[in-house]
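Counting from 3, one number per residue, gives the positions in the sequence shown under the numbering used here.
The structure appears right after this line, and notes come after that.
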Amino acid sequence: MTELAIYDMDRTVTRTGTYTPFLLHAAWRLAPWRLLFGPAIPFVMLGYAVGAISRKRLKEVTQWLLLGPSIARARLRPVAESYAELVMRVNVLPGALRQIAEDRAAGRRLVLATASYRLYVEAIAARLGFDDVIATNSISGLDDRIMARIDGENCYGPNKLRMVEAWFRKQAIERSSARVRFYSDDASDAPVLEWADEPFAANPSKPLVKLAEARGWSIVRWAA
Numbered sequence: 003m004t005e006l007a008i009y010d011m012d013r014t015v016t017r018t019g020t021y022t023p024f025l026l027h028a029a030w031r032l033a034p035w036r037l038l039f040g041p042a043i044p045f046v047m048l049g050y051a052v053g054a055i056s057r058k059r060l061k062e063v064t065q066w067l068l069l070g071p072s073i074a075r076a077r078l079r080p081v082a083e084s085y086a087e088l089v090m091r092v093n094v095l096p097g098a099l100r101q102i103a104e105d106r107a108a109g110r111r112l113v114l115a116t117a118s119y120r121l122y123v124e125a126i127a128a129r130l131g132f133d134d135v136i137a138t139n140s141i142s143g144l145d146d147r148i149m150a151r152i153d154g155e156n157c158y159g160p161n162k163l164r165m166v167e168a169w170f171r172k173q174a175i176e177r178s179s180a181r182v183r184f185y186s187d188d189a190s191d192a193p194v195l196e197w198a199d200e201p202f203a204a205n206p207s208k209p210l211v212k213l214a215e216a217r218g219w220s221i222v223r224w225a226a
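This is how it looks when you write it as C-alpha cells:
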C-alpha cells in the first residue's frame, strides 16, 4: 500500500496567499518600474469577481502586468529562491511544519498540490521537504522564456483533482493500492477532499467548516 500525504499550500501550509506577493517580490528585484502597474490589479480582480474573466485569465494578466509577457527562466530562478527563503521565514504555519514532519516520519510520500505556480512553488516545496509537486504550469518558449500564460489547467477546484489523478497515472500508482490523506483550507478543494481516504480541513474557511462538519471530515488548525 502506497501511503501519501497531499497538501494544498496557500493558507493551508502558509498563513497567506503567495502568488501576488511573489509577483511583487520579483518585480521589485527585476523591473521595479513595473510596480507602476500595481494599481491596475484590483480592477483585474474586479473583472474576475463579476465573472468577466476566468480565474486562469486573472492570474495570466496579473503576471503580465508585473513580470511582462515573458521572462528568462535563468533570471527568475534566483528570485524564486529568495522568495522561498522569505516564505519560510515569515509565512509558514508552525503546526503545518509539525504535521509535515509527522507524515514524513510515518513514511508517507509528501506531495504539494497547489493552484500556485510551479515556477516558484518548487523552491518552497524543496525547503519544506516535499517529494513531489503538482501545480499550475507556465508555457515555456523554445528559448526557455516563461510566458505569462498557463500551460494546461489552473490547478484549482475540479482541475486539481484531474491533475492529481494524472500525476497518479504518470507515477504508475494505482488508486486502489494507495491510501491518501489530503489537507486543505478551502471549499474549492472539495473534489479532492471527497476523493481522499483521510480528508482534513486545515485552517478551514467558514464554507469549508460547514462542509467538513456535514461530511464528518477532520478539522485541524495550525496557527500555532
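Virtual Cβ for every residue (Gly too), placed ideally from N, Cα, C.
Computed from a prediction, not measured in an experiment: that's the story for all the values here.
Indicate the three-state DSSP secondary structure (helix, strand or coil) for residue i in the structure shown.
{"i": "residue 94", "result": "strand"}
{"i": "residue 139", "result": "strand"}
{"i": "residue 5", "result": "strand"}
{"i": "residue 68", "result": "helix"}
{"i": "residue 225", "result": "coil"}
{"i": "residue 108", "result": "coil"}
{"i": "residue 207", "result": "coil"}
{"i": "residue 164", "result": "helix"}
{"i": "residue 17", "result": "coil"}
{"i": "residue 103", "result": "helix"}
{"i": "residue 152", "result": "strand"}
{"i": "residue 56", "result": "coil"}
{"i": "residue 159", "result": "coil"}
Please list the terminal residues of the continuous beta strand (DSSP E) segment that includes residue i.
{"i": "residue 185", "result": "180-186"}
{"i": "residue 202", "result": "200-204"}
{"i": "residue 28", "result": "Run containing residue 28: none in the beta strand (DSSP E); it sits in the alpha helix (DSSP H), 21-32."}
{"i": "residue 189", "result": "It is not in any beta strand (DSSP E) - residue 189 carries neither H nor E in the DSSP assignment."}
{"i": "residue 175", "result": "Element bounds for residue 175: n/a, residue is neither H nor E."}
How would you write the range of the alpha helix (DSSP H) that residue i sits in, first residue to last?
{"i": "residue 128", "result": "120-130"}
{"i": "residue 48", "result": "43-51"}
DSSP has residue i in a bridge; who is on the other side?
{"i": "residue 114", "result": "9 and 135"}
{"i": "residue 220", "result": "202"}
{"i": "residue 147", "result": "74"}
Check this for me: beta carbons of residue i and residue j, under 7 Å apart or not?
{"i": "residue 135", "j": "residue 16", "result": "no"}
{"i": "residue 69", "j": "residue 42", "result": "no"}
{"i": "residue 183", "j": "residue 200", "result": "yes"}
{"i": "residue 163", "j": "residue 123", "result": "no"}
{"i": "residue 187", "j": "residue 204", "result": "yes"}
{"i": "residue 189", "j": "residue 213", "result": "yes"}
{"i": "residue 97", "j": "residue 224", "result": "yes"}
{"i": "residue 6", "j": "residue 192", "result": "no"}
7 Å is my cut-off, CB to CB: does residue i come that close to chain E?
{"i": "residue 10", "result": "Among the chains of the structure shown, chain E does not appear; only one protein chain is present."}
Ordered along the chain, which non-local residues of its own chain (more than five positions away) have a Cβ less than 6 Å from that of residue i?
{"i": "residue 132", "result": "112 and 114"}
{"i": "residue 202", "result": "185, 220 and 222"}
{"i": "residue 21", "result": "118"}
In chain order, what residues of the same chain lie with their CB nearer than 8 Å to the CB of residue i, ignoring the 5 residues before and after it?
{"i": "residue 142", "result": "75, 148, 149 and 153"}
{"i": "residue 88", "result": "27"}
{"i": "residue 60", "result": "46, 47, 49 and 50"}
{"i": "residue 120", "result": "135, 137, 138, 139 and 140"}
{"i": "residue 151", "result": "62, 140 and 141"}
Can you list, in chain order, the residues of its chain whose CB lies under 7 Å from that of residue i, leaving out five sequence neighbours each side?
{"i": "residue 227", "result": "Given a span of 3 to 226 for the chain in the structure shown, any question on residue 227 remains unanswerable."}
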